[in-house]
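Q: Mind looking over this structure? Questions follow.
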DNA sequence: AGCAGAAGTTGATTAAGATCAATAGTTGTC
DNA sequence: GACAACTATTGATCTTAATCAACTTCTGCT
């Protein structure tokens, strides 16, 4: 029922393609499709580590990743996900170091955008953008905090999570209604602050309600409006 | 025990002061201290509304605000807070419209930074910054979702909330250990996805544990390390 | 293919938080 | 200052989710 997405984006769909073009400007007629240094990241491997000094932003070209915050006692908590077309490391622009360890959930490809291509010291690009960059980066940093919080009922959280994934995939040109989740139930549970079992049961309840189809990591949204309504108002049982 | 903060920032502490300087460049010797058009926002009044088309970013000069997402049924959920020195409306840069209604929690002052001062159409400032701007703005947008989710135990969430407030106030030059919360318990509860009563009880438990002092909205952090440890690992009762 | 180790589901019990309810404290206003 | 409306705390009960546990399904590997 669920078909496999390629989970890769063209440069045209990438928000950082302008930056890449700028970089490849040596040959003067930089065209889209000129791919910057690309790295293969194997499943489980980190792109960057919490506390490491800032070198590059990373545009996710293919695959999916998760960010984790280290807790005392050697454990960690999932604080976010990155899909193809999205940017890893924004918070490091203002922090000077990466705020989270970002690990590949599956074999992935990322394009590195070196700091030098948008250095905050280099004033030649105009102060306006530098200020905005800092501000936004800091905003992202703040928002990451909120990612550690907030909740509805378990079913609502899971529904909202699926809705978020759907929206983000759609934005980058993938199917919004049928996809394969790249993360484990454990990852989702950690991200949502729920027990794994609760996540599993929530999936099943959404399935019984006819809102989604689930089979392991394959998900199909049967009724997006209904899904959204679950996220907003708990369907109080009679 | 808790002393009143002024809750105002100087332009020097503001992340958008560079942009302001750029704007006021008519008289050629733009100095910091040249304040851009400033508006007084009365308690309860909105700075911008969800869905309204993007006109300005707003730098909070004085006071505090909250952002709210409208839910079906006329209700709303608090999705974030803005303190003096922070930026309202980042997500609108990439969306073209404001994603949240942002309301003053107390009488506040904001500086409007018109879109024209960093237009994405105007290519004169270099494509690099435009691309980054878009990317970061979109990131902020994504992170806002996560703000609707994730959770620890109630006590952990409240502790984490206080820690976040403390850190953000500190960043902008205010006291990190003693402050007056500008938001109601209802706002906090909505933001954290908890019942008001649970927030209240969590405050009391943190107080009994000697981690904080609370009296209504006045909060003093007695032991920040302990507070942080509460956010990471639940102090399992014996 | 077959094995081992994850990952995921399902059930029973316990603990945490929501809800209902009553009371106390604040804030703003006339 | 006194009233009204809002805000916050505290208690009792009920619902939801965490925990403990058994079992099934998937995945990767040789």
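Residue numbers (my numbering), protein chains in the order written: chain A, 1 to 238; chain B, 1001 to 1238.
All C-beta atoms in this analysis are idealised placements derived from N, C-alpha and C, irrespective of residue type, glycine included.
Here the structure is a predicted model, which means the values were calculated and not measured.
#1: If distances are taken between C-alpha atoms only, which option among 55/A, 208/A and 190/A comes closest to residue 95/A?
#2: Please classify residue 104/A as buried or exposed, where buried requires at least 16 neighbouring CB atoms within 10 angstroms.
#3: Under 9 Å, do residue 1170/B and residue 1230/B count as touching if we go by C-beta distance?
#4: Could you give the first and the last residue of the continuous beta strand (DSSP E) run that contains residue 1079/B?
#5: Spatial neighbours of residue 1211/B within its chain, please: CB distance less than 8 Å, with the 5 preceding and 5 following residues excluded, ordered by chain position.
#6: At which residues does the beta strand (DSSP E) containing residue 67/A begin and terminate?
#7: Can you confirm whether the segment 1086 to 1095 of chain B touches the segment 1048 to 1066 of chain B when touching is taken to mean that 3 or more C-beta pairs between the two stretches lie within less than 8 Å?
#8: My understanding is that residue 1110/B touches residue 1165/B, with C-beta atoms under 8 Å, so please give their C-beta distance in whole angstroms.
#9: The alpha helix (DSSP H) that contains residue 192/A, what's its start and end?
#10: For chain A, is any of its Cβ atoms less than 9 Å away from the one on residue 1229/B?
#11: Does chain B have any CB closer than 9 Å to the CB of residue 166/A?
#12: Tell me whether residue 42/A sits in a helix, a strand or coil according to DSSP, three-state version.
#13: If we define contact as Cβ-Cβ less than 9 Å, is residue 31/A a contact residue for chain B?
#14: Pull out every residue of the segment 70 to 91 of chain A whose Cβ sits closer than 8 Å to any Cβ of chain B, in chain order.
#15: Could you spell out where the alpha helix (DSSP H) holding residue 203/A opens and where it closes?
#16: With burial defined as no fewer than 16 other Cβ atoms inside 10 Å of the residue's Cβ, what is the status of residue 1195/B: buried or exposed?
#17: Who pairs with residue 57/A in a beta bridge, going by DSSP?
#18: Between which residues of its own chain and residue 208/A is the CB-CB distance below 7 Å, once the five residues before and five after are set aside?
#19: Let me make sure I understand the geometry here. Which of 74/A, 167/A and 80/A has the alpha-carbon closest to that of residue 68/A?
#20: Using 9 Å as the threshold, is the C-beta distance between residue 217/A and residue 182/A below it?
#21: Taking the alpha carbon of residue 108/A as the point to measure from, which residue in 64/A, 176/A and 199/A has its own alpha carbon closest?
#22: How far does the beta strand (DSSP E) with residue 1214/B in it reach, from first residue to last?
#23: In its own chain, which residues sit with a C-beta less than 6 Å from the C-beta of residue 1038/B, not counting the 5 before and 5 after it?
#24: When you compare only the Cα positions, how much space is there between residue 1236/B and residue 1153/B?
#25: Are residue 215/A and residue 78/A touching if we call contact CB-CB under 9 Å?
#26: For the alpha helix (DSSP H) containing residue 174/A, list its first residue and its last residue.
A: Inspection of the coordinates gives the following:
#1: 55/A
#2: buried
#3: no
#4: 1076 to 1083
#5: 1159, 1221, 1222, 1223, 1226, 1227 and 1230
#6: 64 to 70
#7: yes
#8: With 8 Å as the limit, residue 1110/B and residue 1165/B do not qualify as a contact, their Cβ atoms being about 19 Å apart.
#9: 185 to 192
#10: yes
#11: no
#12: coil
#13: Because residue 31/A carries a pLDDT of 48, less than 50, the predicted location of this residue cannot be relied on, and no value is offered for it.
#14: 71, 72, 73, 79, 80, 86, 87 and 90
#15: 196 to 208
#16: exposed
#17: 113/A
#18: none
#19: 80/A
#20: yes
#21: 64/A
#22: 1212 to 1215
#23: 1109 and 1111
#24: In this predicted model, residue 1236/B has a pLDDT of only 41, less than 50, meaning its place in the structure is not dependable; the value taken from the coordinates is given anyway. Distance between the alpha carbons of residue 1236/B and residue 1153/B is about 11 Å.
#25: no
#26: Careful: residue 174/A lies outside any alpha helix (DSSP H) and carries neither H nor E.
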